[in-house]
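Take a look at the structure set out below.
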Ligand SMILES: Cc1cc2nc3c(=O)[nH]c(=O)nc-3n(C[C@H](O)[C@H](O)[C@H](O)COP(=O)(O)OP(=O)(O)OC[C@H]3O[C@@H](n4cnc5c(N)ncnc54)[C@H](O)[C@@H]3O)c2cc1C
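Numbering (the numbering used here), first residue to last: 775 to 1277.
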């Protein structure tokens, strides 16, 4: 089983240059996922000079880890949405998402993007009849969606369920990469392998700093899935979750067509098939947990494998990957200006629905920059939450503690627990000097990091399946060298040089 998303198999990666010179643009878009690339596309259409700056490769963030389903409903049950919002508001949500899907479809047609786009039904079903899906079906119908019953040849065991017609599926990574190539030119530059480490500003401009150079811009768009830096009100209002995907091949050719959302007691599994020139795969996504809060997330992946083995004739489990989602407390994403007077825009809180919400965010944000009214801007307005004032101090306090610890590691001899760490594993180790994030590489070499997340001072946890240090508070993740992989932290985990005790 390889640790990569199935979408990466036939995608072309790494074709945009790293930024190595100072540039000046009207809009700097940080992040080259579906949100960032679509925002750049729409800004370009309006003649606004834009640069997209991507720390890794285009589409390889959460966009390239998703299931590739495009649907009008959201992760949340209609009954839950209707308990918080009026039916007119829920209809607006559905309409806003439908026109975002339409834009994706138009792009695919206009640019002839070979990303296996198909209209498909979406099926909801449960195995124990413990979820009132007929009630949900009624809501869907009343909200204007075209509902159906489950077909006779439905491929999985169910007790209750229903379908919604005319939803869609595609390959999200190929779509985003090809769109990036279509829009790239001198007025819409795209850079890969270029990480923004800091943002400074004066009255007129923002200055986005990389290791090598800087970008000057009038507007900044945080298309980074969760905004970077200390945007306290947003990060405290968002819960970061991690879930997993597997792609398997089957012994027979019974790959089901459609979007399948299966409720099995407490668990929800999302199932779909994907066929390309490399073969056919059944994809199963689920086993969600709060970031940094699973004891050993290899069990989460085993649960996915058990599920597909129980319901399908599995030949082999070929690929496995993880991905993150950020849930807003009020179930709606935050899209728009960070604050009324700011020229920084955010697009976050997409939950597991962000291929569509990311496209919608691009429409809302590009309209705002071009000073065009958008009918959905008010509904998703970013600055609808209240700041939490105390958080800045928490960070400062923890960074002070860290300063004292660095360098003292192993002062009193290597703790025994380091021996108990196997190659490719990590552990938090408490010594007299404090706590450390210790891991071993495949050759058994020890790497020691501060366990304090530089974002807001929480303690990171070891991620067994993906070999990373994950912060349970706001979802920042770091590799075993301390480098940020994703999440709000601009800074890396501090590396601690080993000082062997004197003989
Ligand atoms: C397992 C899983 C399945 C999902 N399935 C679906 C689905 O079927 N349908 C659906 O609609 N949604 C789905 N989602 C949600 C969806 O994938 C995301 O909401 C969406 O892809 C977010 O897109 P984005 O462009 O905002 O973020 P991303 O795709 O994460 O892009 C952000 C980019 O910012 C870059 N970046 C971060 N920090 C910096 C920095 N400092 N400097 C420069 N660049 C930086 C990252 O490298 C990354 O490429 C799923 C999510 C998961 C985890």
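Every residue, glycine too, gets a C-beta built ideally from N, C-alpha and C. Just so it is clear, the structure is predicted and the values come from calculations on it, not from any experiment.
query                                                                                                                                                                                 : result
What are the boundary residues of the beta strand (DSSP E) that residue 1244 is part of?                                                                                              : 1242–1244
Measuring alpha carbon to alpha carbon, tell me which residue in 973, 1042 and 1010 is nearest residue 851.                                                                           : 1042
Taking the alpha carbon of residue 999 as the reference point, which residue from 965, 1081 and 1108 has its own alpha carbon closest?                                                : 1108
Taking 8 Å as the threshold, find out whether the stretch 1002–1016 comes into contact with the stretch 1236–1254 through three or more Cβ pairs.                                     : yes
Could you spell out where the alpha helix (DSSP H) holding residue 1076 opens and where it closes?                                                                                    : 1072–1085
With DSSP collapsed to three states, give me the class of residue 1264.                                                                                                               : coil
Looking only at C-alpha atoms, which of 888, 869 and 983 sits nearest to residue 802?                                                                                                 : 983
Any idea what DSSP makes of residue 971, helix, strand or coil?                                                                                                                       : coil
Would you say the beta carbon of residue 879 comes nearer than 8 Å to a heavy atom of ligand 1?                                                                                       : no
Identify every residue that forms a DSSP beta bridge with residue 1205.                                                                                                               : 1208
Counting along the chain, where does the alpha helix (DSSP H) carrying residue 877 start and finish?                                                                                  : 861–885
Are residue 1033 and residue 843 close, meaning C-beta to C-beta below 9 Å?                                                                                                           : yes
Roughly how many angstroms lie between the CA atoms of residue 825 and residue 963, to the nearest whole one?                                                                         : 5 Å
Measuring alpha carbon to alpha carbon, tell me which residue in 1261, 1211, 1271 and 1232 is nearest residue 1254.                                                                   : 1211
Taking buried to mean at least 16 other C-beta atoms within 10 Å of its own C-beta, is residue 815 buried or exposed?                                                                 : buried
Can you tell me where the alpha helix (DSSP H) holding residue 853 begins and where it ends?                                                                                          : 852–858
Please classify residue 1220 as buried or exposed, where buried requires at least 16 neighbouring CB atoms within 10 angstroms.                                                       : exposed
Alpha carbons only, please: which of 1189, 1132 and 1153 is nearest the one belonging to residue 996?                                                                                 : 1132
For ligand 1, is there any heavy atom lying closer than 8 Å to the beta carbon of residue 1131?                                                                                       : yes
For residue 1240, is the classification buried or exposed, using 16 other Cβ atoms within 10 angstroms of its Cβ as the cut-off for buried?                                           : buried
Taking contact to mean at least 3 C-beta pairs separated by less than 8 Å, is the stretch 904–914 in contact with the stretch 1059–1072?                                              : no
Since I believe residue 800 is in contact with residue 991 (beta carbons under 8 Å), could you give me their beta-carbon distance rounded to a whole number of angstroms?             : 7 Å
According to the neighbour-count rule (16 or more other Cβ atoms, all chains shown, within 10 Å of its Cβ), is residue 1118 buried or exposed?                                        : buried
Does the stretch 1229–1240 come into contact with the stretch 1036–1051, if we say contact requires no fewer than three beta-carbon pairs (one atom in each stretch) closer than 8 Å? : no
Shorter than 8 Å, the distance from the beta carbon of residue 1002 to the closest heavy atom of ligand 1, or not?                                                                    : yes
Closer than 8 Å by C-beta to residue 1024: which residues in its own chain qualify, once you throw out the five before and the five after it? Chain order, please.                    : 1054, 1056, 1086, 1087, 1088 and 1089
Within the 9 Å Cβ cut-off, does residue 1121 reach chain B?                                                                                                                           : Absent here is chain B; the protein component of the structure consists of one chain.
I need the boundaries of the beta strand (DSSP E) containing residue 1122, first residue and last residue.                                                                            : 1118–1122
Assuming residue 866 and residue 1153 make a contact with CB atoms under 8 Å, what is their CB distance in whole Å?                                                                   : 6 Å
Identify whether residue 1053 lies in helix, strand or coil by the three-state DSSP scheme.                                                                                           : strand
Using 8 Å as the cut-off, classify the Cβ of residue 998 as near or not near the heavy atoms of ligand 1, replying yes or no.                                                         : yes
DSSP state of residue 925, grouped into three classes?                                                                                                                                : coil
For residue 830, which of helix, strand or coil comes out of DSSP?                                                                                                                    : coil
Taking 8 Å as the line, does the beta carbon of residue 1034 fall inside it for any heavy atom of ligand 1?                                                                           : no
Where does residue 1157 fall in DSSP's three states?                                                                                                                                  : helix
Do residue 1022 and residue 1071 have their beta-carbon atoms positioned less than 9 Å apart in this structure?                                                                       : no
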